[in-house]
Every structure is written in C-alpha cells, then in structure tokens.
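Visitor: Take a look at the following structure, please.
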Amino acid sequence: MSKQVTFTADGITLAGNLSVAADGAPAVVLTGPFTGVKEQVVGTYAALLRARGFTTLAFDHRGFGESGGRRAHEDSQGKLSDLRAAVSLLGEHTDRVAVVGVCLGGGYAVRAAATDPRIRAVVGIAGAYNSPARFSDGNPEGYRAAIRSFIDRYDEELPAVAPNGGTAAMGGDEPYAYYGTARGAAERWDNRVTYGSLHSLMTLDALGAAPLLGATPLLIVHGRIDAYCSPELAEAAYDAAPGPKELVWLDAEEHIDLYDVEPHVTRAAESAASFLHRHLSSPASTSTSA
C-alpha cells in the first residue's frame, strides 16, 4: 500500500513512506516524537489515517532514521524546512494537505501550519506545545543556566532513554518503556542524541505560533493525564488559536498510551480523520484580481 520515497530539503535527502489513497484524496504529512523514526509512532498513525481515506507521508526528519543530515541532532528550523518540503511533495497529489503531529511533532505541526498557508488544517496528538516563556516563568535564571549548560556541551551526546533513572534526554521509566524495549523497536532508531538537541527543545516556541494560525483549523487530542507533554499547554494552545478548533480529551493514563495503546490510538485517529475530512472536503480557494 505504500512506497518508499526520497525528497530533499536544504540539499539534505529525506526518506519517507508514501501511501496514496486515491487520485486527489486529501493528504496528511506526519511528524512525530523527539528522536522518533517513521517505523514507530508516525507509521502507526499513517496506517490508521490511510485506512480512513487519506494519502499519507511518514518520513524521517533530518538526522534520524534513513534521512541524511547531522546524526542524532534535533534541528528546529531544519525540521520546519523538512515539513515544507514534505508539503511540496504531497502538493503533487492534491491541494488538500494537512499536518498531523504526535508528541513533539504536535508543536512542530502548529509552527509549520502557522508559517505555511498551504497547510489547510493541523492536528496535534499528545502534543508538546513548548513555551520558553512558560519554562522560564518563576525561575528565569534557572532556565538560562539550563540552556547555557546545553550550549557548553552542544556537540556531546547522551542516551535518548535509559533504565532505572539513568541520565537520558528523555528521563524516566515511561520513555524507556517504549523506546528501550521491544515495544518501540525499530532498526533505524538510535539511542543517542546531542545536548544541542536539548537546547533546541527548550528554546522552541510552539505555543507562541498558535495565534498565528489565522483561519487554519486546529484539532488537539490529548490525554487528561500526561507527565511529559503538559495538558495545560495543550489547552493553552487551543485557547490561543483564533480559527475553527476542537479539543478532545482522552482518558489515557500515560503519555505513551497515545503511541500504541488501544483504544486511545484508534480514538485519536478517528477524531483526526473526522476533523480533517470536514475541513479538507473542498479544494483550496483561489483569489483573483481585477
């Protein structure tokens, strides 16, 4: 049902899996969790959305999986460039293109849609709507000390996940339960990331992009309990979006429940599909001048 494709962004070759539902079908590009690759979470959601009538593109961002670029390094601006290139690729099939982001990808989806009017709708699932202003609120010196420490060790690497409370970019038992076990096993996933990647995470302003969505429809699907991607920031992103919007709360007990645990994943995909079919039902409008 899908075929491997390559495309380029800033001269970097990106690898993806493209599944065409039908000629002219609405299309979705997926962007996923920090360090994630296309065979993991975005692949799961791509299959569910393809089954619901969407052409889908799940791909590896630069530095991860089969794509080129600096290895194991989170490049915020680069990821947004990757998404623009992905939208261009889907634009060869339809002008009805949306972006669906999961975990960290939820924040990138909002930023991408805010700066690329070709994106007709945006969905965030268990999204990380990072806000440097909120991160630093109440302890600005602590925030600045943290990002300084990431700069000082910018090119060094640390594990992405680790068992038993070990040092890792994604600390704690929950990330390890997905990435560090057979549950999230993928041949092209590497358990390493740069300290510079943490600087990118801490300085990415996803929440601040929400007011810039204009009339672009926004759906946020989020677990009521989420220790890794704040439900409060999800609600703040919803509140800040000025256009058509919906907020769906799921009774998940962990953040990673929305990676691969039923019924949460299917409910998230069904909510996304229903929302996107409604908002991508017609071709993009075009303006004319006298």
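Heads up, the sequence shown is in the UniProt record's numbering, so the first residue is 1 and it goes up one at a time.
Each residue gets a CB set at the ideal place from its N, CA and C atoms; glycine is no exception.
(1) Between 32, 244 and 48, which has its C-alpha nearest residue 1's C-alpha?
(2) Taking the Cβ atom as the reference point for each residue, do residue 194 and residue 72 lie within a distance shorter than 7 Å?
(3) Could you say which of 16, 106, 65 and 98 lies nearest to residue 204 if we only look at CA atoms?
(4) So the beta strand (DSSP E) residue 38 belongs to, where does it begin and stop?
(5) Nearest to residue 157 by CA position, among 262, 249, 244 and 35, is which residue?
(6) Since residue 216 contacts residue 113 with CB under 8 Å, what's their CB separation in whole angstroms?
(7) What residues are listed by DSSP as bridge partners for residue 265?
(8) Give me, in chain order, the residues of the same chain whose beta-carbon lies closer than 7 Å to that of residue 162; leave out the 5 immediate sequence neighbours on both sides.
(9) Is residue 143 closer than 7 Å to residue 136 when the C-beta atoms are compared?
(10) Got a sec: does the ligand PLP put a non-hydrogen atom nearer than 6 Å to the Cβ of residue 234?
(11) Would you kindly check if the distance between the Cβ of residue 199 and the Cβ of residue 228 is under 7 Å?
(12) Helix, strand or coil for residue 272 per DSSP?
Guide: Reading off the structure:
(1) Closest by C-alpha distance to residue 1, out of 32, 244 and 48, is 48.
(2) Cβ atoms of residue 194 and residue 72: closer than 7 Å.
(3) It is 106.
(4) Element bounds for residue 38: n/a, residue is neither H nor E.
(5) Of the candidates 262, 249, 244 and 35, 35 places its Cα closest to the Cα of residue 157.
(6) Separation of the CB atoms of residue 216 and residue 113 is rounded to 5 Å, and the pair is thereby assigned contact status at 8 Å.
(7) Per DSSP, none; premise fails for residue 265.
(8) Cβ within range, chain order: 168 and 176.
(9) Closer than 7 Å, so yes.
(10) The model depicted lacks the ligand PLP and carries no ligand whatsoever.
(11) Not closer than 7 Å, so no.
(12) In the three-state reduction of the DSSP assignment, residue 272 falls in the helix class.
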